[in-house]
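S.K.: Start counting the sequence shown at 7; every next residue gets the next number (the numbering used here).
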Amino acid sequence: MIITAGNGGRGLPRPPFDDPVRSGKRLIEWAEPLLSGNETARSKEAAMEFALGTGQVLQKELDRIRNDEGDHILARLVPYWEGWYLSSRDPLPVHSNPFYLFASDSLPRGSCPYRLAARLALSAAAFCMEIDRGTIEPDTFKGEPLCMNEYAKLFRTSRMAFPGTDRQVTGSKTGPAGRSVLVLSGGVPFLLELYSEDGSLRDVEETARHLREIAACSRGDSLPVGLITSLPRDQAAHGRRLLLEGGKDNERLLSLVEESLFVLRLDGPCGARLEEQARHFLFEGGGNGWYEKSFQLVVTEDGYAGVNFEHASRDGTHVGRLVKEILSRAPSVGGCASGLPGPVRLQFALSPEFRDFLSGIPEKAGALSGSRIQTVLSFDAFGTDAVKSGNTSPDAFMQTAMLMAARDLWGERRSVYESVHLRRFAGGRTEGTRPLTKEAAAFIDGFRSGLSSDTLKKMLFESQGVHKERIRECLEGRGIEGHLWLLRGVWRERGRELGLKEEPALYCSPAWKKMSSCPVSSSTTPGEGFALAGYGPVQPGGLGVRYLSRKDHFIIHVSSWKQDGALAAEYASFLEKALSDMGRLLPIKGNR
7 MIITAGNGGR GLPRPPFDDP VRSGKRLIEW AEPLLSGNET ARSKEAAMEF ALGTGQVLQK
67 ELDRIRNDEG DHILARLVPY WEGWYLSSRD PLPVHSNPFY LFASDSLPRG SCPYRLAARL
127 ALSAAAFCME IDRGTIEPDT FKGEPLCMNE YAKLFRTSRM AFPGTDRQVT GSKTGPAGRS
187 VLVLSGGVPF LLELYSEDGS LRDVEETARH LREIAACSRG DSLPVGLITS LPRDQAAHGR
247 RLLLEGGKDN ERLLSLVEES LFVLRLDGPC GARLEEQARH FLFEGGGNGW YEKSFQLVVT
307 EDGYAGVNFE HASRDGTHVG RLVKEILSRA PSVGGCASGL PGPVRLQFAL SPEFRDFLSG
367 IPEKAGALSG SRIQTVLSFD AFGTDAVKSG NTSPDAFMQT AMLMAARDLW GERRSVYESV
427 HLRRFAGGRT EGTRPLTKEA AAFIDGFRSG LSSDTLKKML FESQGVHKER IRECLEGRGI
487 EGHLWLLRGV WRERGRELGL KEEPALYCSP AWKKMSSCPV SSSTTPGEGF ALAGYGPVQP
547 GGLGVRYLSR KDHFIIHVSS WKQDGALAAE YASFLEKALS DMGRLLPIKG NR
């Protein structure tokens, strides 16, 4: 089956977001393990009022908007969808952009950095051309097609900084910029066409030669223009305005940058340790980056590669497909296009005012770079094979261990967020589930109180069943978090017009406050070809946890804010202990 990427939602159902009674009721059920008796009673009262009163009013208005204007309101107001990212005023690095580090054994062998970069960039361009032609195979989940709409913004797309709310631009498929990669070396930007008008790719060796030339003539700009993309968004908007006002040709040059295919970064060495690589690929100063582009393909001088991507119009499932396509094509990619021009340096005119503005950014970027802690836990005692042999879901097993580690760290239960895709629906992006069920809480309490292994195995089996059901609810559009945030957004925009002057009490209830918090924001990357994946913490005092599941091991990236001390390292230590302790319940050789 072939599907046009731009029409990838055609024929799929609309996301439901339609039952405030159910969402209010399920909020109490999901939050119950976090609440005291008094908090539960107060929350139930607020949920009842919401279900019968204010929630009905807001739902009616939401239904009207969707029927009259379409589902644009969903993209704007649902958390972790486009509008949620574009309205954030935090810097893109650390706060928003995730990274994927490619496994070394997945890369073409024997390549110098420039030849490696050429192969990876040309492979990405080849995938882009398939998207343009509408001939990519659709993503599927259990045999069902998934929404492909976001692939239309995977290439030639950039986030533009504006006061209050950012915007996005996607360039044309025609014209040189739409066939060119933005190459950064030492912070100096170049455009290099990767394929011809008739769709013929450049030769690998020719491309590598041009990249080597770029690196040789890029001594490094002490004040690279791309630094502005690392700033808080309102400051980045101010920098963008100064840049456009600083020279008559700057608008054209910036358009070329923003409408180019993607960024190819030729970076210096990043080091051999996973912690060093994690730091480099997430953010390390921003001197050779352009964080507003849809994705940055990064190749280091010491031969490592990966991506750092802007999140507004793409999620891990989309970038995971991108990485798979790049790595599968890289060993044999190449073309014979003739007559393509060499690299073109983009020389912006920098006014004195803009130079003064730029001169203050390295210190801010350095502070941002030093603001977080990243820890990598390589857990080698067992992996998914051993977990499955115990009739347990690897995801449920890992999430339970994460909950146990959170309780051990903080001395109390804390909510954990786990992302779930909603791509079964037209335009669907991400929903959040909460793995802390009553059954998971009972298992953790029982484990720490020393119940027998047979009893714990039964409790773990019951817990994973509820976990799977909760995941299934979200996949089917029956999750609650996106829906309740959406109704809250409707109130904020139109509450007074609807006669709702005060925010519904549900959003002040202990159930909402505790359940919707993200002390641990978690995600998984099941695809092969990765050595590591990660992102920054979502909130102060919180952790960002992304893990790779392999047959015989797990690789877990944990991040926290430096102001919170050794939180990431402490959590990783507790997580390692939780996994080891729970491993005693698995039929591993040596366990009784």
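Think of the CB as a built atom: it goes at the ideal place given N, C-alpha and C, for glycine as much as any other residue.
Give every residue of the same chain whose Cβ lies closer than 6 Å to the Cβ of residue 191, excluding the five residues on either side of it in the sequence, and list them in chain order.
M.R.: Closer than 6 Å at the Cβ level, and outside the excluded window around residue 191, lie 220, 221, 224 and 272.
S.K.: Could you check how far apart the C-beta atoms of residue 30 and residue 53 are, in whole angstroms? I think they sit under 8 Å.
M.R.: Right, their Cβ atoms sit about 4 Å apart.
S.K.: Give a yes or no on whether the C-beta atoms belonging to residue 504 and residue 203 are separated by under 8 Å.
M.R.: The answer is no: Cβ separation not under 8 Å.
S.K.: How far does the beta strand (DSSP E) with residue 314 in it extend, from its first residue to its last?
M.R.: Looking at the DSSP string, the run of the beta strand (DSSP E) that includes residue 314 is 311–315.
S.K.: Can the beta-carbon of residue 41 be found less than 8 Å from the beta-carbon of residue 520?
M.R.: It is a contact, given that the beta carbons lie within the stated cut-off.
S.K.: Excluding the 5 residues flanking residue 367 on each side, which residues of the same chain have their C-beta closer than 6 Å to its C-beta?
M.R.: The residues are 233.
S.K.: Does chain D have any CB closer than 8 Å to the CB of residue 293?
M.R.: In summary, chain D is missing from the structure at hand, where a single protein chain is found.
S.K.: Is residue 245 buried or exposed, if buried means 16 or more other CB atoms sit within 10 Å of its CB?
M.R.: The residue is buried, with at least 16 neighbouring Cβ atoms inside 10 Å.
S.K.: So is residue 11 buried or exposed if we call it buried at 16+ other beta carbons inside 10 Å?
M.R.: Here residue 11 scores only 41 on pLDDT, less than 50, and its place in the model is too uncertain to base an answer on.
S.K.: Is it true that the CB of residue 525 sits closer than 8 Å to the CB of residue 56?
M.R.: No, the Cβ-Cβ distance between residue 56 and residue 525 is not below 8 Å.
S.K.: I'd like the list of long-range same chain contacts for residue 333, defined as Cβ closer than 6 Å, with 5 residues on each side in sequence excluded.
M.R.: Here the set comprises 112 and 535.
S.K.: Quick one: using the 10 Å Cβ neighbour count with 16 as the cut-off for buried, is residue 99 buried or exposed?
M.R.: When all chains shown are included, residue 99 counts as buried.
S.K.: Is residue 563 helix, strand or coil by DSSP?
M.R.: Note: residue 563 maps to strand in three-state DSSP.
S.K.: For the candidate residues 485, 402 and 91, whose alpha-carbon lies nearest to that of residue 239?
M.R.: Among 485, 402 and 91, the Cα nearest to that of residue 239 belongs to 91.
S.K.: Please state the DSSP three-state secondary structure of residue 273.
M.R.: Note: residue 273 maps to strand in three-state DSSP.
S.K.: How many Å lie between residue 549 and residue 568 at the Cα?
M.R.: Whole-angstrom Cα-Cα distance: 11 Å.
S.K.: State buried or exposed for residue 255, treating a residue as buried only when at least 16 other CB atoms are found within 10 Å of its CB.
M.R.: That one is exposed.
S.K.: Along the alpha helix (DSSP H) that carries residue 46, what are the first and last residues, could you check?
M.R.: Segment 43–58, the alpha helix (DSSP H) holding residue 46.
S.K.: For residue 580, which of helix, strand or coil comes out of DSSP?
M.R.: Three-state DSSP puts residue 580 in a helix.
S.K.: Could you give the C-beta distance for residue 174 and residue 318, rounded to a whole number, given that I count them as a contact under 8 Å?
M.R.: Indeed, because the Cβ distance is near 6 Å, the residues count as touching under 8 Å.
S.K.: Please report the distance separating the alpha-carbon of residue 320 from that of residue 17.
M.R.: Those two C-alpha atoms are separated by around 21 Å.
S.K.: With distance defined between alpha-carbon atoms, name the residue in 381, 555 and 446 nearest to residue 390.
M.R.: It is 555 whose Cα lies nearest to the Cα of residue 390.
S.K.: So, with DSSP's three-state summary, where would you put residue 13?
M.R.: With a pLDDT of 48 at residue 13, under the threshold of 50, the modelled position of this residue cannot be trusted; read the value that follows with caution. Three-state DSSP puts residue 13 in a helix.
S.K.: In the DSSP assignment, find the unbroken alpha helix (DSSP H) run with residue 286 in it and report its ends.
M.R.: Start and end: 280–288.
S.K.: Let me check one thing: in DSSP terms, what residues is residue 299 bridge-paired to?
M.R.: According to DSSP, residue 299 bridges with 164.
S.K.: Rounded to whole angstroms, what is the Cα-Cα separation between residue 336 and residue 126?
M.R.: Each residue's alpha carbon lies about 6 Å from the other.
S.K.: Going by beta carbon distance, what residues of the same chain come within less than 7 Å of residue 512, once the five residues before and after it are set aside?
M.R.: The residues are 30, 52, 53, 56 and 518.
S.K.: Is DSSP giving residue 105 helix, strand or coil here?
M.R.: Residue state, collapsed to three classes: strand.
S.K.: Can you tell me whether residue 146 is buried or exposed? The criterion is at least 16 other CB atoms within 10 Å of its CB, across all chains shown.
M.R.: With fewer than 16 other Cβ atoms within 10 Å, it is exposed.
S.K.: Below 6 Å CB to CB, which residues in the same chain sit around residue 412 once its five sequence neighbours on both sides are set aside?
M.R.: Around residue 412: 420 and 526.
S.K.: CB-CB under 6 Å to residue 484, same chain, minus the five flanking residues each way: which ones, in chain order?
M.R.: Closer than 6 Å at the Cβ level, and outside the excluded window around residue 484, lies no residue.
S.K.: What is the rounded straight-line gap between the Cα of residue 532 and the Cα of residue 523?
M.R.: Approximately 25 Å, taken between the alpha carbons.
S.K.: Could you please give the first and the last residue of the uninterrupted alpha helix (DSSP H) stretch that includes residue 513?
M.R.: Where residue 513 is concerned, there is no enclosing alpha helix (DSSP H), given that its DSSP letter is neither H nor E.
S.K.: Short of 7 Å in beta carbon distance, which residues of its chain neighbour residue 577, apart from the five on each side in sequence? Order them along the chain.
M.R.: 411, 415, 549 and 564, listed in sequence order.
S.K.: Go ahead and pull the three-state DSSP assignment for residue 129.
M.R.: It is helical.
S.K.: When burial is assigned at 16 or more other CB atoms within 10 Å of the CB, is residue 353 buried or exposed?
M.R.: Exposed: under 16 other Cβ atoms inside 10 Å.
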